[in-house]
Amino acid sequence: MSLPVHPILAAGGGPVIPNFGGASKCVVENHQFCMSWFLHNFNTVFGPRLVQHIVLTAIAVGVGMVIAFTAAIIAYKQNWFETPFSLLAAFLYGIPAIALFELLVQLTGINVFTAEIGLVSYTLLILFRNTLTGLRGVSDATIEAARAMGLSSRQRLIRVEIPIAVPAIMAGIRIAAVTTISLATVAAYIGAGGLGEPIFEAIQTGFKTEFIAAGALAIALAIVVDGLLVLLERLVTPWRRRTLQGA
Amino acid sequence: MVNRLISITEGDITIDGRSVRQLELTQLRRGIGYVFQQIGLFPHMTIESNIGSVPRLLGWSKSRIRERARELLELVGLDPEGDLRRYPGEFSGGQQQRIGVARAMAADPSIMLMDEPFGAIDPIARERLQNDFLRLHRQVRKTVIFVTHDIDEAIKMGDKIAIMRDGRLIQLATSDQLLASPADEFVASFVGEDRGLKRLRVRMLRDIELDPPSANATPAPQVRDTTSLHYALSRMLTEGVNRLDVIDEEQRHVGSARLQTIMDSIAPASAPKPGESHTAAA
């Protein structure tokens, strides 16, 4: 198993343009961005990587949410649990991405699974914090009313506390999704695929069009996903939009 | 403590002879309507769902819950059609507490606990809520335990008033008894130095000894027998008369109230007038 040399260094030399057969002048001279090349290669290079990237992100945020949500519920019920889990999540969050991936490769090898472990571990802190903050933000009056009505502790959680925490949870998911989309490009370093692959390739070859295209797609993906999550949040929390003077 | 939001350390509370300590907690609470100062509506639920909270727990059908929610909104003076699908955040504090009252009554509990329900509401809306609740209470007849720091509210709302001080019960009496003979200095100062005037508000003309109708008396302004002495006195003052003719529900002339009659009825219990049957007990 050999890891690539530091990719940034590899890009230092003169342009190493791959020979794409009848390459256009734009590609041969390595202009800033060659639209025709991009369009021509979208279906073979970028489309599949984009899909991979989306799947990579969705799995990471999904699994991260399941773990963080469970942990937040436990911490909400049992206060002592908050500190150890926070520390663990903060520790994972604090490790530089490349270092974490390198470390994980020693344990689980170069594959998508390893990449997912890394990506999930970066979502935990944000998702855990936001979920817990959302649950704790439920007003005492609301909880008192729920208790006085004879809702059991479980019913309170499911019918009152979790629904009211949804805006905070959604805010966490938005941050986690955007962060993961960005981080997932780095995960290509350990064979996760996705938009990071053309980026790393372009860094090594110095091919500007490929670099910019993949980078721009990642950014566009982040913006679109964030927007969709905002829409989703509005859809599931109709009660937040309609208030008297934002009460 | 009645619904065991606070646990009982000593003594007991019984409802229909059964100790609240023996009842199953959720069962107990579902049978008691609870209204409190902070209202505590569920912000993420529509008004219909808020009102339907307890009925849902009790397994009512959707259509029955909707029917009940409509009925209750009407009862508390909100729009039963338009407001059903709105959210609590769209309502003012006074309106929210109306919804709070509706929610507490949803499953028709026989007991309602109201812990300073109108305390955080501006005076004008509070007055309206009090009046509406009194009207409502006459319709639905429930046992209401109403906690307040405002003695005037207690006098207005309560049939019986329990005065608590430092966790001890000082006096349990009707508002009239309380005003006529406060148990001690504390209660006396609490009910206010104008308790003579306040008593006028809690007594109605039909509570006092009226002069029998007399055929040869000159006609006087007419008032209902359910009129408060306070209002009757005010009528006398504004109309410059010292006698009012009292009529009952069917417009029958049941007697006359003179200024002296009203004064006598409020006179200290230590010097009861003949016919004044009401002697307050501490």
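For the protein sequence lines, the chains are A and B, in the order given. Residue numbers for the first sequence follow the numbering used here, so the first one is 1 and each next one is one higher. Residue numbers for the second sequence follow the numbering used here, so the first one is 1 and each next one is one higher. Each residue gets a CB set at the ideal place from its N, CA and C atoms; glycine is no exception.
Would you tell me roughly how many angstroms separate the C-alpha atoms of residue i and residue j, rounded to the nearest one?
i      : j      : result
A:N111 : A:L100 : 14 Å
B:R126 : B:R103 : 18 Å
B:S63  : B:A69  : 10 Å
A:L269 : A:I143 : This structure does not reach residue 269 of chain A, given that chain A is present from 1 up to 247, and the question cannot be answered.
A:P4   : A:G191 : Confidence at A:P4 is low in this model, with a pLDDT of 46, below 50, so its placement is unreliable and no value can be given for it.
B:P219 : B:L237 : 17 Å
B:Y231 : B:D150 : 22 Å
A:A222 : A:A176 : 11 Å
A:L50  : A:G134 : 32 Å
A:A141 : B:S7   : 18 Å
A:T70  : A:L157 : 13 Å
B:A281 : A:V166 : A caution first: B:A281 carries a pLDDT of 35, below 50, which makes its placement in the model too unreliable to give a value.
A:N130 : A:R240 : 17 Å
B:A188 : B:R195 : 8 Å
A:L9   : A:F211 : Low local confidence applies: a pLDDT of 40 at A:L9 is under 50, so the model's placement there is unreliable, with the coordinate-based value given in what follows. Those two C-alpha atoms are separated by around 15 Å.
A:I169 : B:G17  : 47 Å
A:P238 : B:L5   : 31 Å
B:H44  : B:V101 : 18 Å
B:H253 : B:P213 : 7 Å
B:E239 : B:P109 : 46 Å
B:G167 : B:L200 : 30 Å
So for residue i, helix, strand or coil by DSSP?
i      : result
A:Y93  : helix
B:V54  : helix
B:G100 : helix
B:G33  : strand
A:R159 : helix
B:K160 : strand
B:D207 : helix
A:V224 : helix
A:G150 : coil
A:A75  : helix
A:G215 : helix
A:F46  : helix
B:Q177 : helix
B:H137 : helix
B:V246 : strand
B:Q222 : strand
B:S49  : helix
B:Q95  : helix
B:S256 : strand
B:S19  : strand
B:R4   : coil
Pick out whichever of the options has its Cα sitting closest to the Cα of residue i.
i      : options                        : result
B:Q130 : B:H44, B:L28, B:V76, B:D207    : B:V76
A:V63  : A:V138, A:G206, A:L229, A:A115 : A:A115
B:R243 : B:V223, B:R252, B:Q251         : B:V223
B:D12  : B:R21, B:L5, B:I6              : B:R21
A:S182 : A:S36, A:V45, A:A58            : A:A58
A:G215 : A:L229, A:P198, A:Q78, A:T205  : A:P198
B:F36  : A:K208, A:R147, A:G227, A:Y76  : A:R147
A:A68  : A:Y93, A:C26, A:L124           : A:L124
B:M204 : B:P182, B:R165, B:T261         : B:T261
B:A120 : B:E249, B:T148, B:K142, B:R135 : B:T148
B:L73  : B:Q95, B:E90, B:V2             : B:Q95
A:D226 : A:V236, A:A171, A:I162         : A:A171
B:L25  : B:I247, B:M1, B:P117           : B:M1
CB residue i to CB residue j, shorter than 8 Å?
i      : j      : result
B:M114 : B:I145 : yes
B:F186 : B:I170 : yes
B:K198 : B:L179 : yes
A:I47  : B:R30  : According to the sequence displayed, residue 47 of chain A carries Gly and not Ile. Contact flag unset, no.
A:F85  : A:F128 : yes
B:E48  : B:R85  : yes
B:R206 : B:D225 : yes
B:T88  : B:N50  : Here residue 88 of chain B is Pro; the residue named in the question, Thr, does not match the sequence. Their beta carbons are under 8 Å apart, which means B:P88 touches B:N50 by this criterion.
A:T209 : A:F91  : no
A:G194 : A:T185 : yes
B:K299 : B:I111 : Shown here, chain B extends from 1 to 282; a query on residue 299 of chain B therefore has no answer.
B:D159 : B:T174 : yes
List, in order along the chain, the chain C residues whose C-beta lies closer than 9 Å to that of residue i?
i      : result
A:T142 : Absence of chain C from the displayed structure is noted, the protein chains being A and B.
Exercise. What residues in the segment 144-161 of chain A have a beta carbon less than 9 Å from any beta carbon of chain B?
Worked result: Under the 9 Å Cβ criterion, the segment 144-161 of chain A contributes E144, A145, A146, R147, A148, M149, G150, L151, S152, Q155, R159, V160.
For this session: Give, in chain order, every residue of the segment 33-67 of chain A whose Cβ lies closer than 8 Å to some Cβ of chain B.
Result: Result list empty, no residue passes.
Problem set entry | Proximal residues, the segment 163-179 of chain A versus chain B, C-beta separation under 9 Å | P163, I164, V166
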